[in-house]
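Below: one structure, written as structure tokens.
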Amino acid sequence: MDLNYAKGPATDTINAFKQKLFGDESIHLHTADITRNRNGFERLKEPAFRAEFYQKLNALMQTLEYEVIGCAIKKEAHLQRYGLAALDPYMLSLDVLVERFCMMIGDVEGGGMIIAEKRDSTLDRQLEIAWLNLKVQGTRFMQATQIERRIQSLILRDKKANIGGIQLADLVVTPIGRKVLNKPSKEDYKIVESKMRRSPSGRIDGYGLVVLPKEKRPTPATQ
Numbered sequence: 001m002d003l004n005y006a007k008g009p010a011t012d013t014i015n016a017f018k019q020k021l022f023g024d025e026s027i028h029l030h031t032a033d034i035t036r037n038r039n040g041f042e043r044l045k046e047p048a049f050r051a052e053f054y055q056k057l058n059a060l061m062q063t064l065e066y067e068v069i070g071c072a073i074k075k076e077a078h079l080q081r082y083g084l085a086a087l088d089p090y091m092l093s094l095d096v097l098v099e100r101f102c103m104m105i106g107d108v109e110g111g112g113m114i115i116a117e118k119r120d121s122t123l124d125r126q127l128e129i130a131w132l133n134l135k136v137q138g139t140r141f142m143q144a145t146q147i148e149r150r151i152q153s154l155i156l157r158d159k160k161a162n163i164g165g166i167q168l169a170d171l172v173v174t175p176i177g178r179k180v181l182n183k184p185s186k187e188d189y190k191i192v193e194s195k196m197r198r199s200p201s202g203r204i205d206g207y208g209l210v211v212l213p214k215e216k217r218p219t220p221a222t223q
């Protein structure tokens, strides 16, 4: 998402959505709270209001201007395939997302910025170390100098900061997770899919969504 757009029109649109439905701009759009009717979302227990909320939430996600790059790692399959050599899924996904983000923004003046939600001090420190490592060593497909040039910084922000982009990212993750787990897709996934980064030919796999480990191609039969 463009930084000026994120700070201006996107934030204004998200705040207007929350103000209209809940009378409170400070409420945080967090999937766990929404599904459990808590932390300001208690009224979602009312069926009619819940239906109205999801209808307008889907409209919000469709209206906002953003591009999605997602990475999903099937942990059990990942561990089975790589065993003790398996990389930490969270850090592996960071590699993938940084690569695709660099490819997406290219050599735009000023580069891009990554904003992530804080978790706890230990995990946050691990993320910061992993980010520094990427800037020094690069990834399989992206040199360290390219990452340094294209991404200004990785910034951690507290959930309480009520940043619209972080809330939008949380809303995007859940439908992707359902799709990867082969659960029934809902309207929100169609919206998220329409926002995904694509190849020039329109391909999403490997561009807007990376699912690991990749399925092994069957070995051709020999006679």
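Residue numbers for the sequence shown follow the numbering used here, beginning at 1 and rising by one.
Glycine included, C-beta positions come from ideal geometry on N, C-alpha and C.
Item, Value
"Exposed or buried, which one is Phe41 when buried takes at least 16 other CB atoms within 10 Å?", "buried"
"Which residue wins for smallest C-alpha separation from Val98, given the options Leu84, Leu87, Lys118, Ile151?", "Ile151"
"Using DSSP with H/G/I as helix, E/B as strand and the rest coil, what is Gly110?", "coil"
"Does DSSP put Ala86 in a helix, a strand or coil?", "coil"
"In terms of residues, what are the limits of the alpha helix (DSSP H) holding Ala48?", "47 to 63"
"Per DSSP, what kind of secondary structure is Arg43 in: helix, strand or coil?", "helix"
"Going by the CB atoms, is the gap between Val210 and Val96 shorter than 8 Å?", "yes"
"Tell me, please, whether the CB atom of Leu132 is closer than 8 Å to any CB atom in chain C?", "You won't find chain C in this structure, because it holds only one protein chain."
"Please identify the residue among Leu134, Asp188, Glu215, Gly164 whose C-alpha is closest to the C-alpha of Tyr54.", "Asp188"
"Drop a sphere of 10 angstroms on the beta-carbon of Val108, count the other beta-carbons inside from all chains shown, and report buried for 16 or more, exposed for fewer.", "exposed"
"Per DSSP, Arg157 forms a beta bridge with which residues?", "Glu117"
"What does a CB cutoff of less than 6 Å around Gly164 pick up in its chain, not counting 5 residues either side in sequence?", "Ala10, Thr11, Ile14"
"Use the C-beta contact count for Arg100: other C-beta atoms within 10 angstroms, 16 or more gives buried, fewer gives exposed.", "buried"
"I believe Ile69 touches Arg149 by the beta-carbon criterion, under 8 Å. Please report the beta-carbon distance rounded to the nearest angstrom.", "The pair is not a contact, with the Cβ atoms about 19 Å apart (cut-off 8 Å)."
"Give the range of the alpha helix (DSSP H) segment to which Leu171 is assigned.", "164 to 180"
"Indicate whether Leu212 and His78 have their beta-carbon atoms separated by less than 8 Å.", "yes"
"Check for me: the alpha helix (DSSP H) holding Gln72 runs from which residue to which?", "Note on identity: in this sequence residue 72 is Ala, with Gln being the wrong assignment. Here Ala72 belongs to no alpha helix (DSSP H); instead the beta strand (DSSP E) covers 70 to 73."
"On the DSSP letters alone, give me the boundaries of the beta strand (DSSP E) that Leu212 sits inside.", "209 to 212"
"Ends of the alpha helix (DSSP H) at Arg149?", "144 to 150"
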